[in-house]
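Take a look at the structure below.
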Amino acid sequence: MSDRKVRWGIMSTASIGKRSVIPGIQESERSEVVAVASRSLENARNFADELGIAKAYGSYEELLNDPEIDAVYIPLPNHLHKEWTIKAAEAGKHILCEKPIALNEAEAKEMVEACEKAGVILAEAFMYRHQKRYEDIKNRIKNGEIGEVRGIHGVFTFNNAGDYNNIRYTKEWGGGAIYDVGCYPISAARLILDEEPQAVTTHALFSPEHDNVDMMASGLMEFSNGVALTFDCAMWAEFRNELEILGSDGRIVLKAAFLGDQSYEIIKGGQTETVPDDNINSYKLQADSFAESVLDGKSSKFPFEDILKNMRAVKAALESAEKKERIILNLKGMNI
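This is the structure:
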């Protein structure tokens with residue numbers, strides 16, 4: 054194992070970075086945050102001072118031109134992911150990009166191809182997927198502990214509707230609940246079932262007060278053998294963050310599926326077994342996994358193909374709500 058650390062640059066002073074991702078990177082033994090960039094040098098300097106970051110840049114281009122930076126974290130608005138991921142790849146930087154990776158599969162494919170050409174890593178920032186419990190749950194299902202999987206129900210909702218200037222309420226920028234939080238239960242179902250959905254039907258509340266983005270959406274995503282994910286997501290509802298995997302002989306319940314406590318329950322025959330929280334920062338685990346790929350040459354935990362497949366499923370959920378029709382997903386042509 055190399056003693057070298059991944060030297061990170063942060064592209065923007067977004068709150069998700071300040072609140073969660075940067076502390077996780079800083080907690081990782083194999084990573085260090087060395088620079089931050091903003092379109093305002095003053096903002097970048099204030100941000101850097103607050104988080105103990107050595108360098109501050111007044112443009113993203115300056116950060117990408119810094120030879121002492123190995124990787125960048127991109128928490129920019131969704132419509133800017135493609136542009137700056139490609140620029141970062143061309144600058145030879147590895148990339149951790151916020152979810153959703155892009156606005157659609159075509160954009161995601163351009164990003165992947167740019168990273169393949171440059172020989173750099175591209176990871177989508179679903180931190181929860183690095184928690185040990187998800188691998189444990191998959192193994193329990195494989196071992197038949199809850200029988201055959203009959204369905205999955207996932208929810209991720211919160212209420213931020215009063216913040217009318219929030220970038221998530223700009224439609225052309227990729228705003229809306231499905232892209233912001235619906236992507237979590239969708240990605241979780243794909244992870245747990247280890248397969249791709251065949252079709253999706255979604256019904257949504259599009260709010261004129263919020264540039265007609267989907268502020269609440271409920272969906273049915275069809276998988277093989279009659280299994281479905283039912284999900285709902287919202288930016289204008291009471292907070293929920295849960296996942297249930299229903300089996301023929303039991304069920305697995307995550308009362309905090311994506312944020313917070315990492316314990317889960319296995320319920321069988323009226324008896325409940327609680328598997329305790331590992332109490333390891335998910336954002337640290339994400340940074341650790343990324344560092345293994347950059348420094349040790351280990352294959353990414355989630356390959357490029359996963360990025361495209363997830364974007365396809367998430368986009369189909371939004372398209373179904375917009376068109377008010379069932380969308381059949383084309384599962385062909387996924388190899389890149």
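Numbering follows my numbering, in which position 83 of the sequence shown is assigned residue number 136; successive positions increment by one, without gaps. Idealized CB from N, CA, C, for every residue including glycine.
Boundaries of the alpha helix (DSSP H) in which residue i is found, first to last residue
| i | result |
| --- | --- |
| Trp137 | His134 to Glu143 |
| Met164 | Glu158 to Ala171 |
| Arg186 | Lys185 to Lys195 |
| Phe100 | Leu94 to Leu104 |
| Glu249 | Neither: Glu249 is in no alpha helix (DSSP H) and is coded neither H nor E. |
| Asp267 | Counting along the chain, Asp267 falls outside any alpha helix (DSSP H), though it belongs to the beta strand (DSSP E) covering Val266 to Glu275. |
| Met64 | Per DSSP, Met64 belongs to no alpha helix (DSSP H); it is in the beta strand (DSSP E), Val59 to Met64. |
| Ile78 | Ile75 to Glu80 |
| Val347 | Ser335 to Asp349 |
| Ile360 | Phe357 to Lys376 |
Nearest neighbour of residue i, chosen from the options [CA to CA]
| i | options | result |
| --- | --- | --- |
| Val328 | Asn334, Ala340, Asp314 and Lys337 | Asp314 |
| Gln184 | Lys376, Asn332, Val125 and Val367 | Asn332 |
| Met180 | Asp247, Lys337 and Lys71 | Lys337 |
| His370 | Phe292, Lys321 and Tyr232 | At residue 370 the sequence reads Ala, which differs from the His that was named. For Ala370, the nearest C-alpha among the options comes from Tyr232. |
| Gly279 | Gly229, Ile205 and Lys351 | Ile205 |
| Lys224 | Asp267, Arg182 and Glu372 | Asp267 |
| Gln251 | Leu282, Ala290, Ala90 and Glu262 | Leu282 |
| Thr254 | Phe276, Ser260 and Pro120 | Phe276 |
| Leu117 | Asn334, Pro238, Ser373 and Met64 | Met64 |
| Arg365 | Asn99, Glu143, Gly70 and Arg243 | Arg243 |
| Arg81 | Ser342, Asp102 and Ile190 | Checking the sequence, you will find Ser at residue 81 rather than Arg. When each option's Cα is compared against that of Ser81, the closest is Ser342. |
| Glu394 | Ala167, Ala88 and Arg304 | The chain is shown only over 54 to 389; residue 394 falls outside these bounds and no answer can be derived. |
| Ile220 | Lys377, Val208 and Leu129 | Leu129 |
| Arg203 | Leu299, Glu115, Asp216 and Lys162 | Leu299 |
| Ser260 | Ser240, Ser316 and Tyr217 | Tyr217 |
| Glu248 | Arg379, Asp359 and Asn157 | Asp359 |
| Ala230 | Gly215, Gly207, Ala257 and Gly70 | Ala257 |
Inter-residue CB distance, residue i and residue j (contact presumed, cutoff 8 Å)
| i | j | result |
| --- | --- | --- |
| Lys210 | Cys150 | The sequence as given places Thr at residue 210; Lys does not occur at that position. Going by Cβ atoms, the distance from Thr210 to Cys150 rounds to 24 Å, so no, they are not a contact pair. |
| Lys146 | Val165 | Not really, about 15 Å apart at Cβ, beyond 8 Å. |
| Lys135 | Ala155 | 5 Å |
| Leu307 | Pro238 | Leu307 to Pro238, Cβ: 11 Å. No contact. |
| Ala97 | Ala90 | 6 Å |
| Gly235 | Phe284 | 7 Å |
| Lys152 | Leu361 | That pair is no contact at about 14 Å. |
| Val347 | Arg293 | At roughly 35 Å, the Cβ-Cβ gap does not stay under 8 Å, so Val347 and Arg293 are not in contact. |
| Val87 | Gln79 | About 11 Å separates the two Cβ atoms, so there is no contact after all. |
Buried or exposed (CB count within 10 angstroms, at least 16 for buried), residue i
| i | result |
| --- | --- |
| Thr21 | Nothing about residue 21 can be read from this structure; the chain reaches only from 54 to 389. |
| Gly77 | buried |
| Glu177 | buried |
| Ala141 | buried |
| Asp349 | exposed |
| Ile389 | Caution applies to Ile389, whose pLDDT of 37 falls short of 50 and renders its modelled position unreliable; the value that the coordinates give is listed next. Counting Cβ neighbours within 10 Å, Ile389 comes out exposed, since fewer than 16 surround it. |
| Asn363 | buried |
| Phe355 | buried |
| Glu201 | exposed |
| Ala167 | buried |
| Lys195 | exposed |
| Asn334 | buried |
| Met387 | Unreliable positioning characterises Met387 in this predicted model, as indicated by a pLDDT of 45, which lies under 50. The coordinate reading is nonetheless provided below. When all chains shown are included, Met387 counts as exposed. |
| Gly70 | buried |
Where the beta strand (DSSP E) containing residue i begins and where it ends
| i | result |
| --- | --- |
| Lys321 | Tyr317 to Lys321 |
| Phe259 | Ala252 to Ser260 |
| Leu299 | Trp289 to Gly300 |
| Lys108 | Lys108 to Tyr110 |
| Arg203 | Val202 to Asn212 |
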